[in-house]
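*Asks:*
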Amino acid sequence: MLGEPVLKYLITRLVQLVAVVFVISVLAFLLVHLLPGDPSVTILGPFDTAAARAEVLRQLGLDKPLPLQYLTWLGNVLHGNLGESFLTKESVSHAIAQAFPIDLELVVLSQIIAFAVAIPLAMVAARRPNKAFDRLSSTFTFGLLSVPAFILAVLLVLVFAVSIHAFPATGWTNLTSNLGQNLRSAILPSIALGAGSVAVYFRLLRSDLISTLQEDYITMARAKGLPTRYILFRHALRPSSFSLLASAGINIGSLLTGAFVVEYLFQLPGIGYQIVESISSRDYLMVQGMALVVAVAFVVVNFAVDFLLVLLDPRIRRA
Amino acid sequence: MPASQERFDRRRFLSGGARTVAAAALGGVGAPLLLSDCSSAPGRAVATPGVSRAAPRRGGSVKIGMNSEIDGFSPFSDNWDNTGLTYANTVYDTLTAIAADGSAQPYLAESVTPNGDYSVWTITLRPDVFFHDGTPLDAGVLVANFEAFKASPLTGQALAPVLSARRTGHLVVEMVCSQPLVPFPYYLSTQVGVVVAPSMIDPPAGTSPKPVGTGPFVYEDWVPNSHFSATRNPRYWRPGLPYLDSVTYFPIADDGARLESLQSGSVDLMISTNPSAVTTLRSNPAYQLVDTIHHHLGEPDMDFIMLNTAVAPTDDPEVRLALAKAIDYEAIVELFGGGLTQPSSGLFPPGSIYYAPSSYPTYDLAGARALVDKARSRHGGAISLDLGTIPDPRDVQATQAIQSMWEKAGFSVTLSQTDQATFIENALEGKFHAYTWEQFSAPDPDLNYPWWSTTTVGPVGGISLNFARNYDPEIQAALEEGREHANPATRIAAYRRVNERLALDLPYLWLARTIWSAGANDSVMNFSNPTLPSGQPAEGFSGGVLDPTPIWLRA
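Sequence lines, in order, name chains A and B. Here my numbering runs 189 ahead of the position in the first sequence, where the first position is 1. Here my numbering runs 337 ahead of the position in the second sequence, where the first position is 1.
(1) Determine whether the Cβ of Gln-754(B) lies closer than 7 Å to any Cβ atom of chain A.
(2) Among the candidates Phe-521(B), Ser-501(B), Ala-481(B), whose CA atom is the shortest distance from the CA of Pro-451(B)?
(3) Since Ala-358(A) meets chain B, which of its residues come closer than 8 Å, beta carbon to beta carbon?
(4) State yes or no: is the beta carbon of Gly-880(B) nearer than 7 Å to at least one beta carbon in chain A?
(5) Pick out whichever of Asn-866(B), Gln-776(B), Glu-667(B), Ile-401(B) has its Cα sitting closest to the Cα of Ser-583(B).
(6) The beta strand (DSSP E) that contains Arg-820(B), what's its start and end?
(7) Just the C-alpha distance for Leu-422(B) and Ser-467(A), rounded to the nearest angstrom, thanks.
(8) Going by DSSP in three states, Asp-638(B) sits in which element: helix, strand or coil?
(9) In whole angstroms, what is the alpha-carbon distance linking Leu-846(B) and Ala-425(B)?
(10) Per DSSP, what are the beta-bridge partners of Ser-448(B) in this structure?
(11) State the CB to CB distance for the pair Ala-375(A) and Leu-454(A), rounded to an integer number of angstroms; the pair is presumed to be in contact (CB under 8 Å).
(12) Between the Cα of Ala-849(B) and those of Ser-563(B), Pro-680(B), Leu-658(B), spot the shortest distance and give me the residue it belongs to.
(13) Which word fits Val-409(A), buried or exposed, when buried means at least 16 other C-beta atoms lie within 10 angstroms of its C-beta?
(14) Are the CB atoms of Leu-398(A) and Ala-512(A) within a distance shorter than 7 Å?
(15) Would you check if the distance between the CB atom of Ala-805(B) and the CB atom of Arg-834(B) is smaller than 7 Å?
(16) Report yes if the CB atom of Phe-760(B) is closer than 7 Å to the CB atom of Ile-720(B), and no otherwise.
(17) Would you call the region 471–489 of chain A and the region 208–224 of chain A in contact, with 3 or more CB pairs under 8 Å?
(18) Among the residues of its own chain, which have a CB less than 6 Å from the CB of Pro-844(B), if the five just before and after it don't count?
(19) Indicate whether at least one CB of chain A lies closer than 7 Å to the CB of Ser-489(B).
(20) Which residues, in chain order, does the region 632–645 of chain B contribute to contact with chain C at a C-beta distance below 8 Å?
(21) Could you pull the DSSP bridge partners for Gln-442(B) from this structure?
(22) Among the candidates Gly-880(B), Pro-870(B), Arg-891(B), Pro-887(B), whose CA atom is the shortest distance from the CA of Leu-445(B)?
(23) List the endpoints of the continuous beta strand (DSSP E) containing Thr-446(A).
(24) Which residues in chain A sit within 9 Å of Gln-757(B), going by Cβ to Cβ distance?
(25) Taking a contact to mean a Cβ-Cβ separation below 7 Å, would you say Val-531(B) touches Thr-420(B) in this structure?
(26) Spatial neighbours of Arg-838(B) within its chain, please: CB distance less than 8 Å, with the 5 preceding and 5 following residues excluded, ordered by chain position.
(27) Quick one: residues in its chain with C-beta nearer than 6 Å to the C-beta of Ala-384(A), no 5 flanking neighbours on either side, listed in chain order?
(28) Between Pro-561(B) and chain A, is there a C-beta pair that is closer than 7 Å?
(29) Run down chain B in chain order and give the residues with a C-beta less than 9 Å from the C-beta of Glu-244(A).
(30) Identify the continuous beta strand (DSSP E) that holds Arg-828(B) and give its terminal residues.
(31) For a contact meaning CB atoms closer than 9 Å, what does Phe-587(B) contact in chain A?
(32) By the criterion of Cβ-Cβ separation under 7 Å, what are the contact partners of His-354(A) in chain B?
(33) Select from Ala-497(B), Leu-765(B), Gly-819(B), Ala-488(B) the residue whose C-alpha is nearest the C-alpha of Pro-796(B).
(34) Since Ala-488(B) contacts Ile-538(B) with CB under 8 Å, what's their CB separation in whole angstroms?
(35) Is it true that the CB of Arg-390(B) sits closer than 7 Å to the CB of Phe-467(B)?
(36) Which same chain residues, not among the five before or five after Tyr-586(B), have their C-beta less than 6 Å away from its C-beta?
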């Protein structure tokens, strides 16, 4: 089971997590007050009476002191009630429940693609550093890193959607509706989203693998006549993957926010697209709820990855 | 129907009507500038794009890319732009519709007849029509709909001249107006002509009503910013229609992404106002393209610069004249209209029955400079103004070009960008000098009454439906004449007078008319070929509004 240092670490991080989530909740709550314009005008339109506007503000609790508004809002949030869209009357929780799986799938798929490309490349490149394959791989991955997602997305659409009709240019099919169609709709956005990660993961893993392959125990393994492939997979990969894992944790959090651009370009109704649309239509509660979910997801993912690293790496446990 | 009501189209009427009904609150009045216009090229797989004379084939599903998303299905409280009106055509019916000859004809209504002076209108509904939930359509439902429209802050404005609705028979309703209202049937083909089931009129608090209409398709699901799906109404009151099993709409805000969606097969049909869509699809025989360049019925959407006539310096007629003369209209259209459209000089395009040459100024930089020099002393030296738009790349580029032209004439011009909702609020409250604007699509000019009337001019800081705050009693007199007289010649003369007065007052600096296009792959048949219940052709695609009822898919 978990030792005392790990438990202590876990409790400390949990306290930090709660503090950060509290700050996030305050900021998300204040979003409504930072956005321009009067929420009652958004709800009622510009033609209604001052009395009707005052009634709307009263119903929303926006006529109360700010701390009281926050506590009421927080209570509702903790009960899963994030309010409803001013415009569409859709429950914010329902909208998030529909949109978030899209982001989640995009991020997971993009990372699978990134790992699937970066790990084999790094392992082969690390075997013979600074040789032709290593240089080629480095050039290729840096090339991917230097192309912004919005450019890559456009290129992918032009080639794979418009020219050869292999994938749709826009739109999303839910995983539960049709797996094949779902993958077709997710593949181009996932590539666009994950391309940048390939270079990062490749560089990190290559560098750690080169370093690991110079360790004494690897020399011993080689001396014992173990095959190179076995040494790479069995003895070198795991100790070389901690930086990769830590980086992936941070990356996944940022990809949740980075997905905004990709979702907009592919017109995918994920959290990012919904936030952009909600901001432009000043749908305050939708913006608030979704921003809260994204921020909390970011923090929780990072916490989970940190914890995973503690479990995997005895050096961190002992630190 | 009065003989005077002859220049309509249903889709435009719907589109224009919705904007007219609700425009101040509607997003559609934002700024897209300078759209193109063209007809489809010959040599395509389909002889006449959007029109098929072949025997329709039943079944199948069509995916349609729309340019925007709606805020809901309630005709009483939601702002419908062309997408809203397309969705409305899917699940609802309007009491009247526009025939291909421009006349307003009964649709869900069996007849719409006026009394002798057009101040009382009698609407007789069709028998044996049922809503999707099985509720029968009768006069009581129609009266309840009317009362909901009247009570709505959004739609009440449009029905201001209609005082009451009274049930006089099982299927008969009498509507009493405060004055002769000759274009009344046109109103009935707009958002306020939609009839919804009683369950939608007074939904439980905090709920958003799902659409229950009498329309050709039944609501299946709507995920905002994702899609809206509807399936064939097996009990539709028009025999044999619709042909499709289902239709799904996808709101795709980005013009380029929408075009790519059509090209990749993600959608079968798409709507656009972007010239590049026209040029791309026109040159490719694999697609059908229908556009509104030769559409002369009623009044088109116009792209223009709206000037606030109630604040300095644009309250000065000479400043407005200088601003008008300083714009090189040909250059603007060439730069931003894809070379496909022409500069406008008024409300109506050549070809419209309302068109007549006007006194609208032409490009005259020297004249503009002279006027600016003359006006400087009245404005304390430099004449500074702000030109505002919404954050749309094409609009921003167009305002930069206009800024440069105005500065050449001696103005000091700043540019600003505002989100669309705030943009409209600022217009309503008069918090602007010059705004890029798009408005006025209507099958009958009377539907634009609120935007030009002196009765709707409000003070700066207060609400003014006459956004430009142009107070011109001559315009008001012409508007009343157009509204009250059935004689076509009188009405035409009245709206020509409105156009001429606007050319002199210069609250609007006309740029070009907005051109809508609908592009489809060659399997989508009849998307611009609707008919009326009488069998008479209805008007095809216009105003960005589609009617899915006649669409069918080629095998």
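We treat Cβ as the ideally placed atom computed from N, Cα and C, and that holds for glycine.
*Replies:* In short:
(1) Along the second sequence, read from residue 1 onward, the residue named residue 754(B) stands at position 417. So, not an interface residue.
(2) As a position in the second sequence, residue 451(B) is number 114, starting the count at 1. The shortest Cα separation from Pro-451(B) among Phe-521(B), Ser-501(B), Ala-481(B) belongs to Phe-521(B).
(3) Along the first sequence, read from residue 1 onward, the residue named residue 358(A) stands at position 169. Those are Ala-594, Glu-597, Ser-598, Gln-600, Ser-601, Ser-603, listed as they occur along chain B.
(4) The residue labelled residue 880(B) in the question sits at position 543 within the second sequence. Cβ-Cβ to chain A under 7 Å: no for Gly-880(B).
(5) Along the second sequence, read from residue 1 onward, the residue named residue 583(B) stands at position 246. When each option's Cα is compared against that of Ser-583(B), the closest is Ile-401(B).
(6) Locating residue 820(B) in the second sequence gives position 483, counting from the first residue. Here Arg-820(B) belongs to no beta strand (DSSP E); instead the alpha helix (DSSP H) covers 810–821.
(7) Translated into positions along the second sequence, residue 422(B) becomes position 85. Translated into positions along the first sequence, residue 467(A) becomes position 278. Looking at the two C-alpha atoms, the distance is approximately 21 Å.
(8) Locating residue 638(B) in the second sequence gives position 301, counting from the first residue. Asp-638(B) falls in the coil class under three-state DSSP.
(9) Counted from its first residue, the second sequence places residue 846(B) at position 509. Counted from its first residue, the second sequence places residue 425(B) at position 88. Cα-Cα distance, rounded: 33 Å.
(10) One-based indexing of the second sequence puts residue 448(B) at position 111. BP columns for Ser-448(B) point to Thr-461(B).
(11) For the purposes of this step, residue 375(A) is identified with residue 186 of the first sequence, where counting begins at 1. For the purposes of this step, residue 454(A) is identified with residue 265 of the first sequence, where counting begins at 1. At roughly 14 Å, the Cβ-Cβ gap does not stay under 8 Å, so Ala-375(A) and Leu-454(A) are not in contact.
(12) As a position in the second sequence, residue 849(B) is number 512, starting the count at 1. Comparing Cα-Cα distances from Ala-849(B) to each of Ser-563(B), Pro-680(B), Leu-658(B), the minimum goes to Pro-680(B).
(13) Numbered from its first residue, the first sequence carries residue 409(A) at position 220. Note that residue 409(A) corresponds to Met in the displayed sequence, not to Val. Exposed: under 16 other Cβ atoms inside 10 Å.
(14) Shown here, chain A extends from 190 to 508; a query on residue 512(A) therefore has no answer.
(15) Numbered from its first residue, the second sequence carries residue 805(B) at position 468. Numbered from its first residue, the second sequence carries residue 834(B) at position 497. Cβ atoms of Ala-805(B) and Arg-834(B): not closer than 7 Å.
(16) Residue mapping note: residue 760(B) aligns to position 423 of the second sequence, counting from 1. Residue mapping note: residue 720(B) aligns to position 383 of the second sequence, counting from 1. Not a contact, by the Cβ cut-off of 7 Å.
(17) yes
(18) Working through the second sequence from its first residue, we reach residue 844(B) at position 507. Contacts found: Leu-644, Thr-646, Ala-805, Asn-807.
(19) By 1-based counting over the second sequence, the position of residue 489(B) is 152. No - not a single Cβ of chain A is within 7 Å of the one on Ser-489(B).
(20) Protein chains A and B are contained in the structure displayed, whereas chain C is not.
(21) Stepping through the second sequence from its first residue, residue 442(B) is reached at position 105. Answer is Ala-434(B).
(22) On the second sequence, residue 445(B) is found 108 positions in, with the first residue counted as 1. Cα-wise, what sits closest to Leu-445(B) is Pro-870(B).
(23) Against the first sequence, residue 446(A) aligns to sequence position 257. Premise fails: Thr-446(A) lies in the alpha helix (DSSP H), 431–455, not in any beta strand (DSSP E).
(24) In the second sequence, counting from the first residue as 1, residue 757(B) sits at position 420. Those are Ser-469, Ser-470, listed as they occur along chain A.
(25) Translated into the one-based positions of the second sequence, residue 531(B) becomes position 194. Translated into the one-based positions of the second sequence, residue 420(B) becomes position 83. Cβ atoms of Val-531(B) and Thr-420(B): not closer than 7 Å.
(26) Numbered from its first residue, the second sequence carries residue 838(B) at position 501. So the list reads Asp-809, Glu-811, Ile-812, Ala-815, once near-sequence residues are dropped.
(27) For the purposes of this step, residue 384(A) is taken as residue 195 along the first sequence, with counting starting at 1. The answer, listed in chain order, is Leu-333, Leu-341.
(28) Numbered from its first residue, the second sequence carries residue 561(B) at position 224. So, interface residue.
(29) Locating residue 244(A) in the first sequence gives position 55, counting from the first residue. Those within 9 Å of Glu-244(A) in chain B number zero; the least Cβ separation is about 13 Å.
(30) Here residue 828(B) corresponds to residue number 491 of the second sequence, with the count starting at 1. That residue, Arg-828(B), is in no beta strand (DSSP E); its alpha helix (DSSP H) goes 825–842.
(31) Residue mapping note: residue 587(B) aligns to position 250 of the second sequence, counting from 1. The answer, in chain order, is Thr-359, Gly-360, Gln-456.
(32) Residue mapping note: residue 354(A) aligns to position 165 of the first sequence, counting from 1. Chain B residues near His-354(A): Ser-601, Gly-602.
(33) One-based indexing of the second sequence puts residue 796(B) at position 459. Measuring from the Cα of Pro-796(B), the nearest candidate turns out to be Leu-765(B).
(34) Here residue 488(B) refers to the residue found at position 151 when the second sequence is read from its first residue. Here residue 538(B) refers to the residue found at position 201 when the second sequence is read from its first residue. The pair is not a contact, with the Cβ atoms about 10 Å apart (cut-off 8 Å).
(35) Along the second sequence, read from residue 1 onward, the residue named residue 467(B) stands at position 130. Along the second sequence, read from residue 1 onward, the residue named residue 390(B) stands at position 53. No. Outside cutoff.
(36) As a position in the second sequence, residue 586(B) is number 249, starting the count at 1. Ile-401, Met-403, Phe-565, listed in sequence order.
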